[in-house]
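Add 75 to the 1-based position in the sequence shown for the working numbering, that's all there is to it. Please read the structure below before turning to the comments.
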Amino acid sequence: MSLATLEPRTTARTVCAVGLAYHSPVTSTSSSEAEWIAQVADGDADAFARLYDAWSSRLFALILQIVVDRAQSEEVLQEVFLEVWRTAGTFSPARGSARAWLVTMARRRAIDRVRSSQSSRDRESRWHDYMPDVDLTVQQVEDRLVGQQVHRALEAVGEPYRSTIELAYFTGLTHREIARRTGTPLGTVKTRIRDGMARLRREMRGQS
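Shown next, in the form of structure tokens:
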């Protein structure tokens, strides 16, 4: 299958990815470059291949100086030539040379990649810096709301259930210790805690 028979986007990607090993290195002039771009605008894959051969190494060196990372630079180079394929029809020799058009496109793409990568790193850094504080604040709010809800529910439960529950769950006393401290039979303490917790659950559901 020839390049000319491929769908345009596939053609561009194939040229960039394969590197056109079957083409001999070419030299170019301003006139030939402008002519190739005009032919690319008409969908000429061979002209696109010649342009790639003539300019890919030089543009890659420029991109690498800006982006530094080699893998990302290769991606940017592909993006540049995909843009060349798509926008060749917008090139006008009257507004500047083909070389200036290509170099400007490559520099802009490279700078955009650097800015995008830096922005992603900054967002990630800010997110990680911010998240612990957010988690802590949310937990504090939740704890405070739950505490207020429990307090209101206990008030609604009333005595003798409230004080018995508080001794059991807030001071950590055992049932026997509560019985001795309050002078209440152990069975009564257990009943108050069981019935009080049932009342407390009903109050909590009513408040939610």
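Don't be surprised by glycine CBs; every beta carbon is placed ideally from N, CA and C. This one's a predicted model, so the numbers in the text were calculated from it and none came from an experiment.
In the DSSP assignment, residue 163 falls outside any alpha helix (DSSP H), carrying neither H nor E.
About 4 angstroms separates the Cβ atoms of residue 181 and residue 134, confirming a contact at the 8 angstroms cut-off. Beta-carbon to beta-carbon, residue 229 and residue 275 are separated by about 7 angstroms, close enough to satisfy the 8 angstroms threshold.
A distance below 6 angstroms between beta-carbons, with the five flanking residues on each side excluded, links residue 185 to the following residues of its chain, in chain order: 138, 141, 142, 151. Per DSSP, the unbroken alpha helix (DSSP H) holding residue 125 starts and ends at 120-142. In this model, residue 147 and residue 191 are separated by some 12 angstroms (Cα to Cα).
Residue 236 and residue 281 have their alpha carbons spaced roughly 18 angstroms apart. Relative to residue 231, the option among 121, 155, 271, 110 whose CA is nearest is 271. By the CB criterion at 8 angstroms, residue 112 and residue 166 fall inside the cutoff. If the five residues before and after residue 188 are omitted, its C-beta is found closer than 7 angstroms to the C-beta atoms of 142, 147, 151, all from its own chain and listed in chain order. No Cβ-Cβ contact shorter than 8 angstroms links residue 115 with residue 178.
The C-alpha of residue 136 is placed about 24 angstroms away from the C-alpha of residue 110. Excluding sequence positions up to five before and after residue 257, its CB lies less than 6 angstroms from no other CB in the same chain. A distance below 8 angstroms between beta-carbons, with the five flanking residues on each side excluded, links residue 149 to the following residues of its chain, in chain order: 135.
Shown here, residue 117 sits in coil according to DSSP, grouped into three states, outside any helix or strand.
By the criterion of a C-beta distance shorter than 7 angstroms, residue 168 is surrounded in its chain by 109, once the five residues flanking it on both sides are discounted. Rounded to whole angstroms, the gap between the alpha carbons of residue 183 and residue 123 is 21 angstroms.
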